[in-house]
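In the working numbering, the protein residues as written are 9 to 264.
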DNA sequence: ATGGTCGGCAACCGA
């Protein structure tokens, strides 16, 4: 199974990039975040032509998630199982016997804000969700824009960025707690290099060229899947496109 | 070398 994640920063705006990428890369599963489109306006016709199955949930202006799959998508559920469920931030589905949880985790605005408290709470609730629903011996993939750079090598300036909402000790701890439950970081299982990013802020001049980025998008897998992961890599093409997105594709390949 | 640029949507918010 070849599975990919991409924060689109507007699905409609990034439609050409996504369709082209799907055609050229033939992923079995593509998970998208920040679709920024209400369900009634979802470009279903364009995706129907690809032959992929898909499920989605969005809202006006913000958030929104989608899963595209060559195989049948079953057991689809939106959001967390406690209030607020945030249906436009999470899809759980089963594809080819694998449970896939596609999340767009709150960014958190600033460490002093209520949004940051909400972000920390989100990790806590997600951890409980995994614990109550699944077992780490089952095939589960958790992926998406997790809005956390786990380690110093995952940001361009760890000294200056210490305490930023996406590089904050409390968020790192919250992520680690979920990882300890039974997830393995697929990218780090295959690459030790620093400076491997999936996000570059639009506001940084020549940020991509200077590689002033963050590794915020992740593909995590439980151990039975992790041992069959043959590759995990970043594809920067959407960030270099004519109408670039601020995030890139992250891809993981699993044998069998 | 961050004090900026996107997208949505129709004034600013979110990232």
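Glycine residues also receive a C-beta, built at the ideal position from the N, C-alpha and C atoms.
Separation of residue j from residue i, as counted between CA atoms
| i | j | result |
| --- | --- | --- |
| residue 225 | residue 207 | 8 Å |
| residue 52 | residue 62 | 9 Å |
| residue 146 | residue 213 | 44 Å |
| residue 58 | residue 167 | 45 Å |
| residue 134 | residue 35 | 26 Å |
| residue 261 | residue 28 | 19 Å |
| residue 41 | residue 112 | 6 Å |
| residue 220 | residue 30 | 27 Å |
| residue 255 | residue 202 | 17 Å |
| residue 191 | residue 47 | 31 Å |
| residue 117 | residue 173 | 7 Å |
| residue 175 | residue 130 | 16 Å |
| residue 162 | residue 171 | 14 Å |
| residue 259 | residue 91 | 31 Å |
| residue 164 | residue 157 | 10 Å |
| residue 238 | residue 12 | 14 Å |
| residue 105 | residue 227 | 17 Å |
| residue 71 | residue 19 | 11 Å |
| residue 245 | residue 136 | 36 Å |
| residue 98 | residue 60 | 20 Å |
| residue 120 | residue 80 | 43 Å |
| residue 257 | residue 247 | 9 Å |
Beta-carbon proximity list for residue i, same chain, < 7 Å, skipping 5 on both sides
| i | result |
| --- | --- |
| residue 138 | 186 and 189 |
| residue 94 | 87 and 88 |
Minimum C-alpha distance to residue i - residue among the options
| i | options | result |
| --- | --- | --- |
| residue 65 | 114, 33 and 44 | 44 |
| residue 204 | 22, 257, 85 and 223 | 223 |
| residue 152 | 248, 229, 67 and 262 | 229 |
| residue 235 | 122, 258 and 194 | 194 |
| residue 50 | 10, 69 and 119 | 69 |
| residue 155 | 141, 142, 124 and 237 | 124 |
| residue 179 | 132, 141 and 218 | 132 |
| residue 232 | 96, 119 and 264 | 264 |
| residue 39 | 245, 115, 110 and 164 | 110 |
| residue 9 | 169, 78 and 197 | 78 |
| residue 141 | 159, 85, 21 and 37 | 85 |
| residue 76 | 14, 217 and 143 | 14 |
6 Å Cβ shell around residue i - same chain, five flanking residues per side excluded
| i | result |
| --- | --- |
| residue 102 | 82 and 83 |
| residue 107 | 148 |
| residue 55 | 62 |
| residue 199 | none |
| residue 196 | none |
Nearest-angstrom beta carbon gap, residue j and residue i [assumed within contact, 8 Å]
| i | j | result |
| --- | --- | --- |
| residue 25 | residue 249 | 5 Å |
| residue 115 | residue 96 | Their Cβ separation, rounded to whole angstroms, is 14 Å, which puts residue 115 and residue 96 out of contact at 8 Å. |
Close beta carbons around residue i, own chain, < 8 Å, minus the five adjacent residues each side
| i | result |
| --- | --- |
| residue 215 | 208, 209 and 221 |
| residue 17 | 42, 44, 253, 254 and 255 |
Discussion item. Please give the ranges of any beta strand (DSSP E) in the segment 146-232, keeping only runs that are unbroken, at least 3 residues long and fully inside the region.
Written reply: DSSP runs (the beta strand (DSSP E)) wholly in the segment 146-232: 148-153, 191-193 and 225-230.
Worksheet entry | Uninterrupted beta strand (DSSP E) stretches inside the segment 18-92 (no shorter than 3 residues) | The beta strand (DSSP E) runs lying completely inside the segment 18-92 and spanning 3 residues or more are 37-41, 61-65, 73-77 and 82-86, given in chain order.
Worksheet item: Which full runs of the alpha helix (DSSP H) of 4+ residues lie inside the segment 100-141, going along the chain?
Response: Taking only runs of at least 4 residues, the alpha helix (DSSP H) segments lying wholly in the segment 100-141 are 122-141.
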